[in-house]
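The structure under discussion appears below in the form of structure tokens.
2 protein chains.
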Amino acid sequence: MTADAPITNVGADDRLDGPFEPNVFARDCGSRAAFEAITGRWTSLVLIALVEGPHRFGELRRRVDGVSEKMLSQSLHALEREGLLTRTDHGTLPPRVDYALTPLGVEVAGRLRALADVLQDTVPLFEAARAEYDGQ
Amino acid sequence: MTADAPITNVGADDRLDGPFEPNVFARDCGSRAAFEAITGRWTSLVLIALVEGPHRFGELRRRVDGVSEKMLSQSLHALEREGLLTRTDHGTLPPRVDYALTPLGVEVAGRLRALADVLQDTVPLFEAARAEYDGQ
DNA sequence: CAGGATCCGGAGCGATACTG
DNA sequence: CAGTATCGCTCCGGATCCTG
Numbered sequence: 001m002t003a004d005a006p007i008t009n010v011g012a013d014d015r016l017d018g019p020f021e022p023n024v025f026a027r028d029c030g031s032r033a034a035f036e037a038i039t040g041r042w043t044s045l046v047l048i049a050l051v052e053g054p055h056r057f058g059e060l061r062r063r064v065d066g067v068s069e070k071m072l073s074q075s076l077h078a079l080e081r082e083g084l085l086t087r088t089d090h091g092t093l094p095p096r097v098d099y100a101l102t103p104l105g106v107e108v109a110g111r112l113r114a115l116a117d118v119l120q121d122t123v124p125l126f127e128a129a130r131a132e133y134d135g136q
Numbered sequence: 001m002t003a004d005a006p007i008t009n010v011g012a013d014d015r016l017d018g019p020f021e022p023n024v025f026a027r028d029c030g031s032r033a034a035f036e037a038i039t040g041r042w043t044s045l046v047l048i049a050l051v052e053g054p055h056r057f058g059e060l061r062r063r064v065d066g067v068s069e070k071m072l073s074q075s076l077h078a079l080e081r082e083g084l085l086t087r088t089d090h091g092t093l094p095p096r097v098d099y100a101l102t103p104l105g106v107e108v109a110g111r112l113r114a115l116a117d118v119l120q121d122t123v124p125l126f127e128a129a130r131a132e133y134d135g136q
């Protein structure tokens, strides 16, 4: 991205009715930041896992196959920052911390869950597509 | 991930009715691969852009604010490989190549678009959540 | 059990230059 | 216009150790 290139995709792009129409395509839009947080490699899976209800740290680590403690912790912080989940420290010993979706988190995670369901139901199509593409 | 840790999250996890129930949480599941391809930083935005109809390379580059040519090209190949979009080279001069969603791509992209709409409509909530989190 | 701190290799990614 | 090739750097992310 050269500095002299005029960027006109920041504010109102396709619909210029409002003064500042939020636009995921725009780099500086708040929705884009939220979108990138949600579509993170691990964050999305964490959100989906929480659709079934609150989870503890260890539960999530076991549920999301392959995630390291570091990345799980990092993902949870990111999602908490975006207001998609809440962290509840019971302050007991041994420690117990629960992660649960906020109302907005429920809305978002539900859609991710639905998306994942579509993918799970069409696994054969993906296998075929990959084989086709790799074959030639 | 230690090697001796028994991983039992590969196949049937929460529902063990079928022989091999696809599971996004499982590392080796085809749906997980598709999910990671879809939720890539740029791939998701490309898919959303294509909901409005076929686009040329340059159009996409201008539409998806901040993407480099390299990453756009790479993202398009990945999505084509997953069978979510088709590439049509008209073979003319100057060259013209169109990218369009497959039926499966329409299904997936539509859901991403809906998700993005939610985020765009709740931008203020994210701003507030971030301010709250950063403040303390 | 919940996670912070640190090290470090490799993947991700942008910038630039070049081709048909 | 539609890409590919190459360089170089950032930072993702896993492994490991440590604490309350």
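Those sequence lines, one after another, are chains A and B.
The first sequence begins at 1 in UniProt numbering and counts up one residue at a time.
The second sequence begins at 1 in UniProt numbering and counts up one residue at a time.
Beta carbons are placed, not taken as given, at the ideal position from N, Cα and C, and that holds for glycine.
Keep in mind the model is a prediction, meaning the values are calculated, not measured.
Going straight from the alpha carbon of residue i to that of residue j, what length do you get?
| i | j | result |
| --- | --- | --- |
| B/Thr-92 | A/Arg-113 | 43 Å |
| B/Tyr-133 | A/Thr-86 | 11 Å |
| A/Asp-28 | B/Gly-30 | 34 Å |
| B/Val-123 | A/Pro-22 | 7 Å |
| residue 165 of chain A | B/Ala-33 | Residue 165 of chain A falls outside the range modelled here, since chain A spans only 1 to 136, and no answer is possible. |
| A/Leu-115 | B/Leu-45 | 15 Å |
| A/Val-64 | A/Ser-75 | 12 Å |
| A/Pro-94 | B/Glu-59 | 56 Å |
| B/Thr-88 | B/Ala-26 | 34 Å |
| A/His-77 | A/Met-71 | 10 Å |
| A/Tyr-99 | A/Glu-69 | 15 Å |
| A/His-90 | B/Thr-102 | 49 Å |
| B/Thr-39 | B/Gly-135 | 30 Å |
| A/Thr-43 | A/Val-108 | 12 Å |
| A/Ser-73 | B/Ser-73 | 32 Å |
| B/Leu-47 | A/Val-67 | 26 Å |
| B/Arg-41 | A/Arg-41 | 9 Å |
| A/Asp-14 | B/Asp-121 | Unreliable placement is indicated for A/Asp-14, whose pLDDT of 44 sits below 50; no coordinate value is reported for it. |
| B/Asp-117 | A/Phe-20 | 15 Å |
Is the separation between the beta-carbon of residue i and that of residue j shorter than 8 Å?
| i | j | result |
| --- | --- | --- |
| B/Val-97 | B/Arg-56 | yes |
| A/Arg-130 | B/Arg-130 | no |
| B/Val-24 | B/Gly-110 | no |
| B/Gly-105 | B/Leu-84 | yes |
| B/Phe-35 | A/Leu-125 | no |
| B/Leu-79 | B/Ala-49 | no |
Between the region 38-50 of chain A and chain B, which residues of the former have CB atoms less than 8 Å from a CB of the latter, in chain order? Ile-38, Thr-39, Gly-40, Arg-41, Ser-44, Leu-45, Ile-48 and Ala-49
Sequence ranges, alpha helix (DSSP H) only - wholly within the region 50-125 of chain A, length at least 4: Listed in chain order, the complete alpha helix (DSSP H) runs (minimum 4 residues) inside the region 50-125 of chain A are 57-63, 69-81 and 103-121.
Just by C-beta distance, which residues in the region 78-105 of chain B are closer than 7 Å to chain A? Glu-80, Arg-81, Glu-82, Gly-83 and Leu-104
Contacting positions in the region 118-132 of chain B - beta carbon closer than 9 Å to chain A: Val-118, Leu-119, Gln-120, Asp-121, Thr-122, Val-123, Pro-124, Leu-125, Phe-126, Glu-127, Ala-128, Ala-129, Arg-130 and Glu-132
Interface positions of the region 57-74 of chain A facing chain B (Cβ-Cβ less than 8 Å), listed along the chain: With the criterion set as a beta carbon lying under 8 Å from some beta carbon of chain B, the members of the region 57-74 of chain A are Arg-62, Arg-63, Val-64, Asp-65, Gly-66 and Ser-68, in sequence order.
If you scan the region 18-49 of chain A from start to end, which runs of the alpha helix (DSSP H) of 4 or more residues do you find wholly inside it? 30-38
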